[in-house]
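J.:
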């Protein structure tokens, strides 16, 4: 089964010029690993500089065989420690659903990170699929996927939904468009707003906006 590794890192403000070239080097090292079948690099659109690195692997065996030399989280910590605003966060996930409109080129993306108890995952996935089926027909969308999995630890992006030691899982949704106007139209659609309200009732929802590099 394919393994999606998502790595999210936040950088110190004011060092964007220094960071882009070094982020690309980390990304190139990770995506050139044996067993990587697709990869994407995203730059955050918020005030705080942050980046998202996505690598899809043939399976968990390929990922484990690559070791630290192709692990984005390790590469960021070892080669960019002077630029990091905090420890990079990494998730290990499997795909649940995907959508692509081949005639459109994605340029902008939004990631939804829903941290929730494992027993709520099935319902969250069902609600997502119910609404997304309609959104792919009625609202602008170029590329999207849903995945689920676990992170290797807490971060500023995904705080637990409670203070207990209850295990948490992550539902990871990425949605992309060819223009900011399409993104705005998508989020103004009633189905998108209804789905957001449901997800917020099930867990802790964080949203991050990106441009595709």
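Numbering (this note's numbering), first residue to last: 13 to 225. For each residue, glycine too, the CB sits at the ideal point set by N, CA and C. Remember, predicted model here, so these are calculated numbers, not experimental data.
1. Use the C-beta contact count for residue 58: other C-beta atoms within 10 angstroms, 16 or more gives buried, fewer gives exposed.
2. Which one of 223, 49 and 188 has the shortest CA to CA distance from residue 72?
3. Would you call residue 205 buried or exposed, if buried means 16 or more other Cβ atoms sit within 10 Å of its Cβ?
4. In this structure, does DSSP put residue 134 in helix, strand or coil?
5. Where does residue 82 land, buried or exposed, given buried means 16+ other C-beta within 10 angstroms?
6. Taking the beta carbon of residue 31 as the centre, do at least 16 other beta carbons fall within 10 Å, making it buried, or is it exposed?
7. Going by the beta-carbon positions, is the gap between residue 158 and residue 140 smaller than 8 angstroms?
8. Could you give the residue range of the alpha helix (DSSP H) that holds residue 60?
9. Contact between the stretch 82 to 97 and the stretch 179 to 186 is defined here as three or more beta-carbon pairs at a separation below 8 angstroms; is this criterion met?
T.: The structure says:
1. exposed
2. 49
3. exposed
4. helix
5. buried
6. buried
7. yes
8. No alpha helix (DSSP H) contains residue 60, which DSSP labels as neither H nor E.
9. no
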